[in-house]
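There are 2 protein chains.
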Amino acid sequence: MKYSASKENYLKAIFHLQQEQASVSTNALAQALQTTAASVTDMLKKLKTQKLLHYEKYKGVKLTTEGRKVALLIIRKHRLWEYFLVQKLSFGWEEVHEMAEELEHVTSKKLIDRLEEFLGFPETDPHGDPIPDLLGRMPVSKQVNLANLTINASCTVSNIGDQTAEIMELLNHKNIRIGTKLQVKKKFSFDNSLEIKLSNQTAFTISEHLAKNLFVKYDDPPEK
Amino acid sequence: MKYSASKENYLKAIFHLQQEQASVSTNALAQALQTTAASVTDMLKKLKTQKLLHYEKYKGVKLTTEGRKVALLIIRKHRLWEYFLVQKLSFGWEEVHEMAEELEHVTSKKLIDRLEEFLGFPETDPHGDPIPDLLGRMPVSKQVNLANLTINASCTVSNIGDQTAEIMELLNHKNIRIGTKLQVKKKFSFDNSLEIKLSNQTAFTISEHLAKNLFVKYDDPPEK
DNA sequence: ATGAATATTTAGATTTGGCTAAAAGTTAAT
DNA sequence: ATTAACTTTTAGCCAAATCTAAATATTCAT
C-alpha cells in the first residue's frame, strides 16, 4: 500500500474539494493541482484501477473508503509536520506549508506516530485544522464560515482560510488570531460587510473578503 | 540547483566510494545503488552535462567541486535527521537509516539549518560520523579501519560499519562503543584476528569480521 | 430542443529513470 | 601478443507522469 507522491497529492486534493462538493470535477482538480485536465483524466483512471476512487467518464470523482483513508493519513502527516515546524523549529505558521508538502510524503508510519508522541499529541495544526489520528479518523470540527454565522452567537476563531502574508498583516492589526472570541453584531447586505465585536472591545467592521477567510466554532453553551 | 532524489543518491554514493578509491567504477556504483551498470552509464552522462562530475568513457568518475558540495549537503541532511530521530524521537541508531534516506531529499535548506540549531549543533551523527556544516564543509576525520591500525598506537573508536542488531550485541558484550579507547597489540596473519586492549582491561581477541567494522581515530599525541 | 460554449477525454509525444541483450573496450594470463 | 574474462557502453524498450492538440460529451441559453 505505497503510493507515489503524485498520487497522494491527487487523493489529498480530492479530499479537500469534496468538503465543498460531493463530486469533484476534472477541471477543479486540474486547477487545484496546477496541471492540465488531460493529465487529471489519465491519473483518475489509474487511481480508479487501484480502487481509491469512484470515477465514471464525464461524471466527476469521489473517494472510496480506502481513498479517503489514504488521504487522511497524508493530511495527518502534513499537519503534524506543520506543528513540528512551528512549535519546535520556530517557523512562522505562514511559511511552513511548502515544507510540509514535502515532508508529508515521507513514508514511515512509525516515524509519524513517534513524532506525534514527541509533540504531545496535538489536536490541531498551527492553522487550527484538526489532526487525524493514527487510524485516519478526524474529529468533525463543525467549523462555520464567519460570513454565515448567526447574529450575536458567541464563537471562537478556529481557522484562517488562505494564509498569506497580507491576511496576516490585517489580522494582526485587528488583533484577531486563532482562539480569539467574537460575536457578529450586524450584517450589511449592501457589500456583505460584517460588524463584529471582540470581548471587551468596541465593535468594528470587516469586509466580506476577510469574513470569508475566517472560520469559527460556536462556543458551547456552558456545560449543564 | 535542485536535483532529483535519484541524482542526489548517485552523488552521495560516489562521494562515499571516493573515500576508498580516487576514481569510482561503473560497476562499483551499480552495486552500491542496487542497479545495473547500464543504468549507471546513462545517469553518469546526465550528471556530467550538469558538471557535477568528471567522467570519461571506460575511465571511471570523480566528483567535481560542485558535485562534492551537493553530496556533502545531502550527507549533512542525512546525519542531522538521524540525530533527530535518535535523540528526539528515541529510535535506536540501527533503525534510523532508512527513514533518513527519505528525509535527506527534503529540499528546504532553511529547514535543515533550523533543525541543526534545534538539535544544538551536534558534531557527529549517532553512528559517530561527522556532520558537514551549512556550507558543506566536513571536518576531516582521518578515520582508520581497525584492521589497518599501527600496532600499539592509541586510538578511539569513532565509527561502526554496519549497524546491525548482531554487531550491537557483540559490541555491548565486549564493552566497546563509540568513544572507547584502545590499542591493537597483535595481528594474527593466520585468520587476521586482532588482539586488542581497552584501557584498564586485559587484552582480548576479536575476529577479522568485527575488526573490519570498527573505525578509529588515532589519538593525537599530547599537544606540544 | 438545438447550437454555442464549456468540460472532458483521447491520441500521440516527451522526460526521467530504469531494464535486458548485445556490442565494444580493457585487462590479465599465458 | 593473443585470447579469455571482465567491464562498460550502446541500442532498444518500458513505465510513470506530464504535456498539447484534436475529438467528443455535456450543459445552458434562447
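Top line first, the protein sequences correspond to chains A and B.
The working numbering numbers the first residue of the first sequence as -19 and each following residue consecutively.
The working numbering numbers the first residue of the second sequence as -19 and each following residue consecutively.
Where is the CB? At the ideal position from N, CA and C, for every residue including glycine.
DSSP-derived helix/strand/coil call for residue i
i          : result
A/Gln143   : coil
A/Thr34    : Per the sequence shown, the amino acid found at residue 34 of chain A is His instead of Thr. Strand, per DSSP.
B/Thr87    : coil
B/Lys63    : Checking the sequence shown, residue 63 of chain B turns out to be Tyr, not Lys. Three-state result, B/Tyr63: helix.
B/Asn155   : coil
A/Val205   : Chain A is shown from -19 up to 204; residue 205 of chain A falls before or after that span and cannot be answered.
A/Gln163   : strand
A/Leu150   : helix
A/Ile111   : coil
A/Phe101   : coil
B/Thr185   : strand
A/Pro202   : At A/Pro202 the pLDDT is 44, less than 50, meaning the model places this residue with poor confidence; the figure from the coordinates comes in the next sentence. If DSSP states are grouped into helix, strand and coil, A/Pro202 belongs with coil.
B/Leu52    : helix
A/Val76    : coil
B/Thr44    : coil
A/Ser19    : helix
B/Asn125   : strand
A/Thr29    : helix
A/Leu69    : coil
B/Ser5     : coil
A/Ser(-16) : coil
A/Leu174   : strand
Nearest-angstrom beta carbon gap, residue j and residue i [assumed within contact, 8 Å]
i        : j        : result
B/Ile140 : B/Leu162 : That belief does not hold up - the Cβ atoms of B/Ile140 and B/Leu162 are roughly 13 Å apart, past 8 Å.
B/Thr6   : B/Thr21  : 6 Å
A/Val196 : A/Val137 : 5 Å
A/Ile147 : A/Asn193 : 6 Å
B/Val50  : B/Leu32  : 6 Å
CB contact below 8 Å: residue i versus chain A
i        : result
B/Leu99  : no
B/Leu83  : yes
B/Thr21  : no
B/Arg94  : yes
B/Ser88  : yes
B/Lys204 : Note on B/Lys204: pLDDT 34, under 50, position unreliable in the model; no value is reported.
Cβ of residue i within 8 Å of any chain B Cβ
i          : result
A/Ser173   : no
A/Arg48    : no
A/Lys68    : yes
A/Leu91    : yes
A/Leu194   : no
A/Met79    : yes
A/Tyr(-17) : no
A/Phe184   : no
A/Phe(-5)  : no
A/Phe71    : yes
A/Ala191   : no
Alpha-carbon spacing of residue i relative to residue j, whole angstroms
i          : j          : result
A/Leu(-3)  : A/Leu129   : 22 Å
A/Tyr(-10) : B/Phe98    : 33 Å
A/Ile(-6)  : A/Arg117   : 17 Å
B/Pro112   : B/Ile55    : 7 Å
A/Val41    : B/Lys26    : 39 Å
B/Leu174   : A/Glu96    : 46 Å
A/Ile156   : B/Lys90    : 28 Å
B/His107   : A/Ser187   : 57 Å
A/Gly47    : A/Ala2     : 14 Å
B/Ser134   : A/Ser(-16) : 50 Å
A/Ala191   : A/Arg94    : 37 Å
B/Glu218   : A/Val76    : Any question about residue 218 of chain B goes unanswered here, given that chain B covers just -19 to 204.
B/Asp142   : A/Glu103   : 39 Å
A/Thr160   : A/Lys122   : 17 Å
A/Pro202   : A/Thr144   : Because the pLDDT of A/Pro202 is 44, which lies under 50, any placement of that residue in the model is unreliable, and the number read from its coordinates should be weighed accordingly. Distance between the alpha carbons of A/Pro202 and A/Thr144: 35 Å.
A/Asn125   : A/Thr16    : 30 Å
Buried versus exposed, by CB contacts within 10 Å (16 or more), residue i
i          : result
B/Met(-19) : exposed
A/Phe71    : buried
B/Gln181   : exposed
A/Phe64    : buried
B/Tyr35    : buried
A/Asp105   : buried
B/Leu115   : exposed
B/Glu0     : exposed
B/Lys57    : buried
B/Lys37    : exposed
B/Ala8     : buried
B/Asp171   : exposed
B/Ala80    : buried
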